[in-house]
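*Asks:*
In this note's numbering, the protein residues as written are 152 to 576.
Here you go:
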């Protein structure tokens, strides 16, 4: 068969589209669409769910490794930041029709990382397996999955993203309980505990490998840069990106350091219940505000007050001096912090008028936010260390960062729809 005929056969099987061609409206809720939501729920479960459980690893590693809390926090922060950094590449690849290549590759990285982790003994071995390998896997699954799922929704997009991001909470709950019970109650050892977690990851990732289905035809990519620089000339897009950088500089402070704060400052040795409460109540926080944003206010309009509340709560954490007070903080912060995490990707998908560019634009925002998740926990850990184990400096840094992020989000709203308070945005 000639090369020309082979090329014709390939093109007949892969329909490409350009930006001028009309695209069909999203189904906004049929069986196929909700199946994508379930697939994305498991993506969150196995990426953000483990990241939200990092407080368990933070405590374990500070007890078993001769490293500072700040050094150990780099494992979690690099894992999260790689999820964001890879988004520009994987988002563009998804738009160009390579989802069926990069998504299975990401699952492979995740599984190799977690099973290799079960054999690790030193800090650098753990760093390479958990931070680098699993982080790359998260990056190859998260942004592509979110882009595919978002293409199935318009009016119900925030609700769909909220259901998907609830996987962060369910993953955080299940992985935290699994690791704590096997490691401390049944005492089967670190290696077999992590292998059990890897088996759970394998079973839940099979669903996405089978049922994820791109809805839109691939976009032609010739002549288009990996990053659309012109997007940063659009004030709403630029201001929203800045706001999320500032938000994520401080938003994950509690998810990383809640357990160590309880142990070091309040003498609580068993912090499992705190982590369970934090992840459990965040399920409501992830779904409830998303429904409000879809039906009444708009996603950005609800993200702004949620960010303000998150920043104020982190600053209020400074005054917590009892176990009861810490549980109260954990419950309320789980609600608003979970809402902020859920509304971020849902709002980010609205920052482009063309849903065919969703993967690329999401990747750009996520890559910028990656620098915040990389440096934020490490800065906060360093502030704790330089302050003699006191948390006030880190709490001030995290709380003020989130509040500044809320201000930038408000500016993005004004740039997008104006000053009218009754306008849905």
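The beta carbon of each residue, even a glycine, is placed where N, CA and C say it ideally should be.
Everything numeric in this text was worked out from a predicted model, so none of it was measured.
Using only the alpha-carbon positions, how far apart do residue 456 and residue 557 sit?
*Replies:* Numbered from its first residue, the chain shown carries residue 456 at position 305. Numbered from its first residue, the chain shown carries residue 557 at position 406. The straight-line gap from Cα to Cα measures roughly 8 Å.
*Asks:* Check this for me: beta carbons of residue 429 and residue 406, under 9 Å apart or not?
*Replies:* To locate residue 429, count along the chain shown from 1; it is residue 278. To locate residue 406, count along the chain shown from 1; it is residue 255. Closer than 9 Å, so yes.
*Asks:* Thinking C-alpha only, which one of 272, 462, 441, 532 is nearest residue 316?
*Replies:* Taking the chain shown and counting its residues from 1, the one referred to as residue 316 is at position 165. With distances taken between Cα atoms, residue 316 lies closest to 441.
*Asks:* Checking 9 Å against the spacing of the C-beta atoms, do residue 519 and residue 354 come in under that value?
*Replies:* Within the chain shown, the letter at position 368 stands for residue 519. Within the chain shown, the letter at position 203 stands for residue 354. In this structure, residue 354 does not lie closer than 9 Å to residue 519 by Cβ.
*Asks:* Excluding sequence positions up to five away, which residues of its chain have a Cβ less than 7 Å from the Cβ of residue 163?
*Replies:* Start at 1 with the first residue of the chain shown, and residue 163 comes out as number 12. Low per-residue confidence applies at residue 163: pLDDT is 46, beneath 50, and the placement is therefore not dependable enough to give any value.
*Asks:* Is residue 260 buried or exposed, if buried means 16 or more other CB atoms sit within 10 Å of its CB?
*Replies:* On the chain shown, position 109 is the one that residue 260 refers to. Buried, by the Cβ-count rule.
*Asks:* For residue 471, name the three-state secondary structure that DSSP assigns.
*Replies:* Locating residue 471 in the chain shown gives position 320, where the first residue counts as 1. Of the three classes helix, strand and coil, the one that applies to residue 471 here is coil, per DSSP.
*Asks:* Apart from the five residues on each side of it in sequence, which residues of its chain come closer than 6 Å, Cβ to Cβ, to residue 320?
*Replies:* Numbered from its first residue, the chain shown carries residue 320 at position 169. Excluding residues within five positions, the ones whose Cβ falls inside 6 Å are 430, 433, 434.
*Asks:* So, does the CB of residue 193 fall closer than 9 Å to a CB anywhere in chain D?
*Replies:* Among the protein chains of the structure shown there is no chain D, as only one such chain exists.
*Asks:* Taking buried to mean at least 16 other C-beta atoms within 10 Å of its own C-beta, is residue 187 buried or exposed?
*Replies:* On the chain shown, position 36 is the one that residue 187 refers to. Buried, since its Cβ has 16 or more Cβ neighbours within 10 Å.
*Asks:* What residue does the alpha helix (DSSP H) around residue 235 start on, and which one ends it?
*Replies:* The residue you call residue 235 lines up with position 84 of the chain shown. 220–236 is the extent of the alpha helix (DSSP H) around residue 235.
*Asks:* In chain order, what residues of the same chain have a beta carbon less than 7 Å from the beta carbon of residue 388, not counting five sequence neighbours either side?
*Replies:* Numbered from its first residue, the chain shown carries residue 388 at position 237. The answer, listed in chain order, is 382, 502.
*Asks:* From 540, 571, 523, 328, pick the residue whose C-alpha is nearest to that of residue 552; which is it?
*Replies:* The sequence position of residue 552 within the chain shown is 401, counting from 1. Checking every option, the nearest Cα to that of residue 552 belongs to 523.
*Asks:* Going by Cα to Cα distance, which pick from 554, 573, 332, 245 is closest to residue 511?
*Replies:* For this step, residue 511 is matched to residue 360 along the chain shown. Minimum Cα distance to residue 511 is reached at 245.
*Asks:* Using a Cβ-Cβ cut-off of 6 Å (strictly less than) and excluding sequence neighbours within five positions of residue 231, which residues of its own chain qualify?
*Replies:* As a working note, residue 231 is residue 80 in the chain shown. Closer than 6 Å at the Cβ level, and outside the excluded window around residue 231, lie 202, 524.
*Asks:* Counting only the same chain and skipping the five closest in sequence on each side, list residues whose C-beta sits under 7 Å from that of residue 342.
*Replies:* As a position in the chain shown, residue 342 is number 191, starting the count at 1. Excluding residues within five positions, the ones whose Cβ falls inside 7 Å are 269, 270.
*Asks:* Does DSSP classify residue 335 as helix, strand or coil?
*Replies:* The count along the chain shown starts at 1 and reaches residue 335 at position 184. DSSP places residue 335 in helix when its eight states are reduced to three.
*Asks:* Should residue 544 and residue 234 be called a contact, given that it needs their Cβ atoms to be closer than 9 Å?
*Replies:* Along the chain shown, read from residue 1 onward, the residue named residue 544 stands at position 393. Along the chain shown, read from residue 1 onward, the residue named residue 234 stands at position 83. Their beta carbons are not under 9 Å apart, which means residue 544 does not touch residue 234 by this criterion.
*Asks:* Go through its chain and collect everything with a Cβ distance to residue 157's Cβ below 7 Å, but skip five positions before and after it.
*Replies:* Translated into the one-based positions of the chain shown, residue 157 becomes position 6. Interpretation of residue 157 is limited by its pLDDT of 47, a score under 50 that renders its predicted location unreliable; the figure taken from the coordinates is listed afterwards. Around residue 157: no qualifying Cβ.
*Asks:* Report the three-state DSSP secondary structure of residue 381 (helix, strand or coil).
*Replies:* For this step, residue 381 is matched to residue 230 along the chain shown. Helix, per DSSP.
*Asks:* Go ahead and pull the three-state DSSP assignment for residue 306.
*Replies:* Sequence index remark: in the chain shown, residue 306 carries index 155 (1-based). Three-state DSSP puts residue 306 in coil, outside helix and strand.
*Asks:* What is the DSSP secondary structure of residue 150, reduced to helix, strand or coil?
*Replies:* It is not possible to answer for residue 150, since the shown part of the chain is limited to 152 through 576.
*Asks:* Beta-carbon within less than 8 Å of residue 161's beta-carbon, same chain only, minus the 5 sequence neighbours each way: which residues are those?
*Replies:* The count along the chain shown starts at 1 and reaches residue 161 at position 10. Any reading at residue 161 needs caution, since the residue's pLDDT is 41, under 50, leaving its predicted position unreliable; the model's value is listed next. Taken in chain order, the list of residues that qualify is empty.
*Asks:* Should residue 154 go down as buried or exposed, given a rule of 16 or more other Cβ atoms within 10 Å for buried?
*Replies:* Locating residue 154 in the chain shown gives position 3, where the first residue counts as 1. Low confidence applies to residue 154: its pLDDT is 47, below 50, so where it sits in the model is not reliable, and the reading given next is rough at best. By the neighbour-count rule (16 or more Cβ atoms within 10 Å), residue 154 is not buried but exposed.
*Asks:* Spatial neighbours of residue 392 within its chain, please: CB distance less than 7 Å, with the 5 preceding and 5 following residues excluded, ordered by chain position.
*Replies:* In the chain shown, counting from the first residue as 1, residue 392 sits at position 241. So the list reads 516, 519, once near-sequence residues are dropped.
*Asks:* For residue 389, does the three-state DSSP call read helix, strand or coil?
*Replies:* Locating residue 389 in the chain shown gives position 238, counting from the first residue. Helix, per DSSP.
*Asks:* Looking at the structure shown, is residue 418 part of a helix, part of a strand, or coil, going by DSSP?
*Replies:* Residue mapping note: residue 418 aligns to position 267 of the chain shown, counting from 1. DSSP places residue 418 in coil when its eight states are reduced to three.
*Asks:* On the premise that residue 237 lies in contact with residue 291, defined as a C-beta separation below 8 Å, what is that separation, rounded to the nearest angstrom?
*Replies:* Numbered from its first residue, the chain shown carries residue 291 at position 140. Numbered from its first residue, the chain shown carries residue 237 at position 86. Correct: roughly 6 Å between the Cβ atoms.
*Asks:* Measuring straight from C-alpha to C-alpha, what distance separates residue 573 and residue 448?
*Replies:* As a position in the chain shown, residue 573 is number 422, starting the count at 1. As a position in the chain shown, residue 448 is number 297, starting the count at 1. Cα to Cα, residue 573 sits roughly 8 Å from residue 448.
*Asks:* Compute the beta-carbon to beta-carbon distance between residue 216 and residue 324, rounded to the nearest angstrom, for a pair I have assumed lies under 8 Å.
*Replies:* If you number the chain shown from 1, residue 216 lands on position 65. If you number the chain shown from 1, residue 324 lands on position 173. Not quite, the Cβ-Cβ distance comes to about 26 Å (not below 8 Å), so this is no contact.
*Asks:* Thinking C-alpha only, which one of 348, 362, 359, 414 is nearest residue 266?
*Replies:* The residue labelled residue 266 in the question sits at position 115 within the chain shown. Among 348, 362, 359, 414, the Cα nearest to that of residue 266 belongs to 348.
*Asks:* Among the candidates 488, 178, 514, whose CA atom is the shortest distance from the CA of residue 112?
*Replies:* No information on residue 112 is available, as it lies outside the stretch 152 to 576 that the chain covers here.
*Asks:* Enumerate in chain order the residues of its own chain whose CB-to-CB distance from residue 360 is below 8 Å, with the five nearest sequence positions on each side excluded.
*Replies:* The count along the chain shown starts at 1 and reaches residue 360 at position 209. These residues qualify, in order along the chain: 254, 255, 258.
*Asks:* Under the rule that 16 or more other beta-carbon atoms within 10 Å means buried, what is residue 272, buried or exposed?
*Replies:* Taking the first residue of the chain shown as position 1, residue 272 is located at position 121. Burial call: exposed.
*Asks:* Does DSSP put residue 570 in a helix, a strand or coil?
*Replies:* Stepping through the chain shown from its first residue, residue 570 is reached at position 419. Looking at residue 570 - three-state DSSP - the assignment turns out to be coil, as it is neither helix nor strand.
*Asks:* Counting along the chain, where does the alpha helix (DSSP H) carrying residue 254 start and finish?
*Replies:* As a working mapping, residue 254 is identified with position 103 in the chain shown. Counting along the chain, the alpha helix (DSSP H) containing residue 254 begins and ends at 250–268.
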